[in-house]
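A short worksheet on the structure shown next.
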Amino acid sequence: MTAYDDFTAHIAKYHDLLCILNTLKWDMRTMMPAAGASSRGRQLASLTTLAKSIFVSDETARLLDAAENEVASADSDSYRARALRQTRDAYEIQKRIPAELVARMAALGAESEAVWAKARAENDFPRFKPYLKGMLALNIELAEAIGYDDHPFDALILQFEPGMTAARLHQIFAELKAGISPLLARIVAVDEPLAIDLWEAEYDLAAQKKLCRELTELIGFDYDRGRLDSAPHPFEISFTRDDVRITTRYDANYLPMSLFAALHEAGHGLYEQNIAPELTRTALTADFLGQYAVGGASFGAHEFSSRLWENQIGRSPAFWGRHFGRLRAAFPQQLAAADAELFYRAVNRVRPSLIRVEADEVTYNLHIMLRTEIEIALLEGAIAVDDLPEVWNAKMQEYLGLTPPDDRRGVLQDVHWSFGGFGSFPTYTIGNIMAAQVLAAAREQMPDLAAQLAAGDYQPLLTWLTENIYRHGRAYRADELLKRVSGESLNTAPLLAYLENKYIDLYALN
Ligand code: ZN
Numbered sequence: 005m006t007a008y009d010d011f012t013a014h015i016a017k018y019h020d021l022l023c024i025l026n027t028l029k030w031d032m033r034t035m036m037p038a039a040g041a042s043s044r045g046r047q048l049a050s051l052t053t054l055a056k057s058i059f060v061s062d063e064t065a066r067l068l069d070a071a072e073n074e075v076a077s078a079d080s081d082s083y084r085a086r087a088l089r090q091t092r093d094a095y096e097i098q099k100r101i102p103a104e105l106v107a108r109m110a111a112l113g114a115e116s117e118a119v120w121a122k123a124r125a126e127n128d129f130p131r132f133k134p135y136l137k138g139m140l141a142l143n144i145e146l147a148e149a150i151g152y153d154d155h156p157f158d159a160l161i162l163q164f165e166p167g168m169t170a171a172r173l174h175q176i177f178a179e180l181k182a183g184i185s186p187l188l189a190r191i192v193a194v195d196e197p198l199a200i201d202l203w204e205a206e207y208d209l210a211a212q213k214k215l216c217r218e219l220t221e222l223i224g225f226d227y228d229r230g231r232l233d234s235a236p237h238p239f240e241i242s243f244t245r246d247d248v249r250i251t252t253r254y255d256a257n258y259l260p261m262s263l264f265a266a267l268h269e270a271g272h273g274l275y276e277q278n279i280a281p282e283l284t285r286t287a288l289t290a291d292f293l294g295q296y297a298v299g300g301a302s303f304g305a306h307e308f309s310s311r312l313w314e315n316q317i318g319r320s321p322a323f324w325g326r327h328f329g330r331l332r333a334a335f336p337q338q339l340a341a342a343d344a345e346l347f348y349r350a351v352n353r354v355r356p357s358l359i360r361v362e363a364d365e366v367t368y369n370l371h372i373m374l375r376t377e378i379e380i381a382l383l384e385g386a387i388a389v390d391d392l393p394e395v396w397n398a399k400m401q402e403y404l405g406l407t408p409p410d411d412r413r414g415v416l417q418d419v420h421w422s423f424g425g426f427g428s429f430p431t432y433t434i435g436n437i438m439a440a441q442v443l444a445a446a447r448e449q450m451p452d453l454a455a456q457l458a459a460g461d462y463q464p465l466l467t468w469l470t471e472n473i474y475r476h477g478r479a480y481r482a483d484e485l486l487k488r489v490s491g492e493s494l495n496t497a498p499l500l501a502y503l504e505n506k507y508i509d510l511y512a513l514n
């Protein structure tokens, strides 16, 4: 055994624990009876503490030192060197975060999430306020523990999107706003309801489920190594590339709910299923900072894959031109008066709305900017928790021209702040930007791609994505992947061009 082999064996065991944690989380969100919540919470806490104690142990330090000495002369670009660097980075940061701070965050976070759920249901922001103040204070402590050069937000976003900063986001948001706001204004000026409302009919849930399975299989999700189940909040989670679970949710009237959630989560699943087998149980298929077995380069990079398959492919005219027949075969009465064109329009209707998770492709990123700007200002002390409803509503008016009628549909709508997840919102927008950038690069490098997609042949694109991105797991940072694929780091231009081309055509704005 070499020192690197010893290190790998130690990490593999830690990785197994992270996969077991994922198994418990999958069960909790899909199968577990409600009464199981508190004992499951304790199981998760015990196992998480055990996993962390293994990761920050002296043994990890000893094995890491020895493996680093051995690999020092090896190619710095190799998977081995990258696995060691990432483990070292996560180890140093984990060591700086006091265990008692993690425990306080977990304890207050659990209580805060429960209070938030009640406060949202009863439209009672004052009730949630002291908990949000508590979680904000703990996030500031966490940022100080992790450390940063310019802004506490930089330390928090490091947990989700290494390399991203508040300053860079500021610039990205300015570019997006300059492109999206005028486009949205033009759309709003001409928007009118479609001739037929497809969502008044009822769509049998078993038939919806069958379609979700068919469509996800068509884009390449491998059911020999995966499952599709239902969950109130759809998600994807994996226990290595050989067991990847996706979920969706069903609405008897609103058919797009299940179809696009399934395509979205299958997009996450395709990333995990196509990671190189030799990376299984290694540092390159786990986020050691977040203690989470996940194979993508970052949260934003994972979201790139889900949004590419859900939006760029799944909401395209080519996709429904090819597959609308399947839908109509499943729902001949409900869709009797519809055709591919009408369905395409119905699933791409742009309307400013109050709720982020219901937003369309054009307005979605505005919801993210609003949240991120508020987080940054809270961390700076530029705004106070007491003022949040007013600040929220003013920004909604500025970006979307709407004022929430109550806090339930305003500042209380998302769970993220209640458990302390500051810094995670921008990863959704980063995913959207990356998806456009990567697909633009694929179109350039694959002259036959448009014809393949029109024919419903997704294998060539999946192979290209696997070769260029998926197979590397977490070996490269998101920015490195983008540079390898497109020659550029994160760039908003392809997303803005995609939105303009698509919606100028769809709304006949010329
Ligand atoms: Zn996602």
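Here the numbering used here is used: the first residue of the sequence shown is 5, the next is one more, and so on.
Quick reminder that beta carbons are idealized off the backbone N, C-alpha and C, glycines included.
Here the structure is a predicted model, which means the values were calculated and not measured.
Determine the direct distance from the alpha carbon of residue j to that of residue i, and round the result to whole angstroms.
| i | j | result |
| --- | --- | --- |
| Arg375 | Phe429 | 7 Å |
| Leu187 | Leu500 | 10 Å |
| Asp411 | Ala94 | 38 Å |
| Asp226 | Phe243 | 14 Å |
| Ser262 | Arg360 | 17 Å |
| Pro356 | Leu370 | 10 Å |
| Glu365 | Phe11 | 44 Å |
| Leu88 | Asn397 | 46 Å |
| Leu383 | Glu165 | 18 Å |
| Ala205 | Arg413 | 26 Å |
| Glu504 | Ser77 | 49 Å |
| Ala386 | Gly151 | 20 Å |
| Asp247 | Gln277 | 8 Å |
With hydrogens ignored, establish whether the beta-carbon of residue i is closer than 6 Å to any heavy atom of the ligand ZN.
| i | result |
| --- | --- |
| Glu276 | no |
| Ser82 | no |
| Ser310 | yes |
| Glu307 | yes |
Quick one: give me the first and last residue of the alpha helix (DSSP H) that residue i is part of.
| i | result |
| --- | --- |
| Val194 | 170-194 |
| Gly167 | Taken as a continuous stretch (DSSP letters only), Gly167 belongs to no alpha helix (DSSP H), as it is neither H nor E. |
| Glu586 | The chain is shown only over 5 to 514; residue 586 falls outside these bounds and no answer can be derived. |
| Asp220 | Sequence check: residue 220 is Thr here, not Asp. From DSSP, the alpha helix (DSSP H) with Thr220 extends over 209-222. |
| Met400 | 392-404 |
| Ala482 | 482-490 |
| Met438 | 430-449 |
| Thr64 | 62-75 |
| Arg349 | 344-350 |
At what residues does the beta strand (DSSP E) containing residue i begin and finish?
| i | result |
| --- | --- |
| Arg231 | 230-234 |
Tell me, please, which residues DSSP counts as bridged to residue i.
| i | result |
| --- | --- |
| Arg249 | Arg231, Ile241 |
| Asp291 | Tyr296 |
Using the three-state DSSP reduction, which class does residue i fall into: helix, strand or coil?
| i | result |
| --- | --- |
| Ala149 | helix |
| Asp81 | coil |
| Ala154 | The residue you asked about is not Ala; residue 154 is Asp in the sequence shown. If DSSP states are grouped into helix, strand and coil, Asp154 belongs with coil. |
| Leu468 | It is Trp, not Leu, that sits at residue 468 in the sequence shown. Reduced to three states, the DSSP call for Trp468 is helix. |
| Glu269 | helix |
| Gln337 | coil |
| Tyr135 | helix |
| His420 | coil |
| Thr6 | coil |
| Glu206 | coil |
| Phe129 | helix |
| Ala301 | coil |
| Thr284 | coil |
| Thr407 | coil |
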